[in-house]
Each structure stands twice: as structure tokens, then as C-alpha cells.
Ligand code: PMP
């Protein structure tokens, strides 16, 4: 019997809605505040002219520099094609398709479910509490058959940190049963909150990091997984033979030099100052119902008639991220912190809308 191409695909892939990345959603803007990118490019020159050769699987300089930056040993660091690849590697190494499950607490980052669906692993959700902290008793009830719990802190898209006492309780209740993956994609904006110092106490803790946010390198596609050597060794079994292109390793090495890290910290200070300004300005607008405090390079806010606000800004070339359909986030838009000029343009546009509606 002849079958069409669609019918030949795996059932879970046929049913899959792919991740709606900011780039896939498109738009015709000149103020891009929808992907939590750094607003300006940082310049690099390529120093490696060896593209005839395959790259190192785990480039030594990049690993050593990241380990030093994170206060860990090189054996505790794995580098991959963005933190997104790290999310998937953990599932591929630890979860049996059709048998094991992962768990996460919405509203949170969308790739945990998309990766699980792609691989064919069930996922369980335990909605966050109203203050967006973990619902520990509900998680405890759902842990049977769960191999990996994904927890994002600071959380995307809400911007809050997860309470460290709750994370400790989560680590205690999962010990010997499941891994806890702490997604620290935005940790450079609140470095004191990192869990890297906890790796020595918890063999089942895994931390995800990226160069896409504070390091201003979203286009590079470079991320890190931090864990104890037994976890790293298992991930190394399932990673692609050459996960990082030579130019990627070249630029990542430079970004992780002392100067690169100093520049990143300067950028973080600038963005954090702009975030405080934006927060203050947003909270004065009549169309803004609520602005949520943030430890990251974005702010979540709840608006009157958010679809109209989103569309009006979109038509003016100011592109935000609509969170309306995310559980618990009706009326919410997520705003990445751009340059100060971009923040000012956004506020001017919102002020005009507030006047129109007054
Ligand atoms: N985790 C979170 C919470 C994120 O927001 C993102 C970026 N959208 C990622 C992981 C993926 O980062 P990367 O660009 O390194 O794949």
C-alpha cells in the first residue's frame, strides 16, 4: 500500500506544533523587543582559518574558560548548540520514550514541552502558584515516573527567581529518582542567585546556561550544561559528533576572555538600569494594569486590551512578545529591554495609546 509522506512521519511529529520562536513569528519592525536578545551587536574577528578540519567536539579553551567563569572544573561543563540543545540532550540521555515523563511548572519556557513531544516523551505540568513559585505538594504527588524536572530561574516569561528554599526541597524530594534541570539562561542579570555552588551537594542537579542573552550572542548558538561528571559523561554519549562549528568555538572563546566577561558585565549593568527606568515608566501608564518585577533582561506587564496594544505597537514597528495564551498570563505582554532609545520609543508609543483610551 502506498502512503503519502505525511503518513510516513512519526505520529508525535505529525501532531506537533513547533516552537513559535520570535524569528518564526516574523514581523516588520525596527524595534525588536520580542526575543530577549541583547539590542546591539558585539564585534568579533575570526582567528581560526582551519575550516578544512572538523572541529573539536568539546573545544578545550571554551570549556576551560567557561569552567573558570562559572567557578567549576572543566569536567563539570558541556558545551552545545545553545541551551536548547542542552534541554534536549538531558531528555535523550535520561528518558525512555513512551515510558518516562518530564515535569515542569507553567507559565515557563516553551521548549521543554516541544522537545518532549519531538522525542516522544510524556510531560506533566504542575502550574506555578499565584506568586509564580513552585507548588511543592502538587509536584510531590506527580513525581511517579518522572525522570527530569525542568525549573527555570529566573523564569521566562515571568522574570521572577524561584525561592531557593523551595529549590532545595525539590532537590530533596527528587534525590535518587529524577534529575532537576535548573535553566539559568538569564542568570547573568542576577548572578548571586546561581545554583552552581550546589552541584557539590546534589549529584542530580543540572544547570543550563547560554551566551545568547547577557553575552549578546544569540546568533552564535552556544550554550552550556553544568553538572557532575557522571551526568556530563552520559550527555557526551548522545551529543552530536561535532556540535559546535569552528567559528562558533572561536567567538565563544573570545567572549569568555577576561575582557569579554568584563564587557558582558558592563552591558548587564546598563540593561539593569534601563529595566528600572522602564519599570517605573510602565507603572505610570493608565493602560498598564500590572508590571511584574524582573531579575532579567525583560519585563512582563498586564495591559488593558493587550491584543490592541500589541497590534498597534506591531504596526508602528515595535515588536513585543504576546503572552496572552500562556496559562495565567491573560492580558500580558513580555518586553525585552532594548537600548535606552528603544525603551523611550516604546514608552512614547504607550503614552499615546494611554491618552487615546483615556
Ligand atoms: N532557556 C530559556 C529560559 C530561554 O529563554 C532560552 C532562549 N529563548 C533558552 C533556554 C535557549 O537559549 P539558547 O539560545 O542558548 O538556545
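In this note's numbering, the protein residues as written are 1209 to 1566.
We treat Cβ as the ideally placed atom computed from N, Cα and C, and that holds for glycine.
Bear in mind the structure is a predicted one, so any value in this text is a computation, not a measurement.
Cα-Cα separation between residue i and residue j, rounded to whole angstroms
i	j	result
residue 1325	residue 1517	32 Å
residue 1393	residue 1316	12 Å
residue 1346	residue 1378	11 Å
residue 1322	residue 1429	18 Å
residue 1308	residue 1451	26 Å
residue 1268	residue 1556	48 Å
residue 1459	residue 1419	11 Å
residue 1367	residue 1508	7 Å
residue 1404	residue 1339	25 Å
residue 1273	residue 1406	20 Å
Same chain only: Cβ atoms within 8 Å of residue i, ignoring 5 sequence neighbours per side
i	result
residue 1239	1525, 1526, 1527, 1546, 1550, 1553 and 1554
residue 1387	1298, 1302, 1355, 1356, 1357, 1412, 1413, 1414 and 1439
residue 1248	1424 and 1547
Cβ shell of residue i (< 7 Å), same chain only, five flanking positions each side left out
i	result
residue 1462	1252 and 1468
residue 1290	1418, 1420, 1429, 1430 and 1431
residue 1341	1370, 1371 and 1374
Best match in the options for proximity to residue i [C-alpha to C-alpha]
i	options	result
residue 1304	1385, 1319, 1363 and 1330	1330
residue 1355	1322, 1445, 1536 and 1310	1310
residue 1349	1448, 1381 and 1341	1381
residue 1396	1277, 1560, 1249 and 1248	1277
residue 1225	1319, 1344 and 1483	1319
residue 1246	1385, 1474 and 1340	1474
residue 1383	1363, 1402, 1390 and 1411	1411
residue 1502	1448, 1280, 1363 and 1250	1363
residue 1295	1416, 1494 and 1448	1416
Close beta carbons around residue i, own chain, < 6 Å, minus the five adjacent residues each side
i	result
residue 1531	1365, 1537, 1540 and 1542
residue 1455	1254
residue 1422	1396, 1472 and 1476
Per DSSP, the bridge partner or partners of residue i
i	result
residue 1172	There is simply no residue 1172 to check, as the chain begins at 1209 and stops at 1566 in what is shown.
residue 1567	As shown, the chain starts at 1209 and ends at 1566. That puts residue 1567 outside it, with no answer to give.
residue 1527	1240
residue 1498	1510
residue 1439	Beta-bridge pairing links residue 1439 to no other residue.
residue 1354	1309
Practice item. Give, in chain order, every unbroken run of the beta strand (DSSP E) that is at least 3 residues long and sits entirely within the segment 1269-1350. Key: 1285-1288, 1309-1312 and 1330-1333
Review point. Which full runs of the alpha helix (DSSP H) of 4+ residues lie inside the segment 1357-1422, going along the chain?
Key: 1372-1382
Review point. Which runs of the beta strand (DSSP E) spanning at least 3 residues fall entirely within the segment 1453-1502, listed in chain order?
Key: 1496-1499
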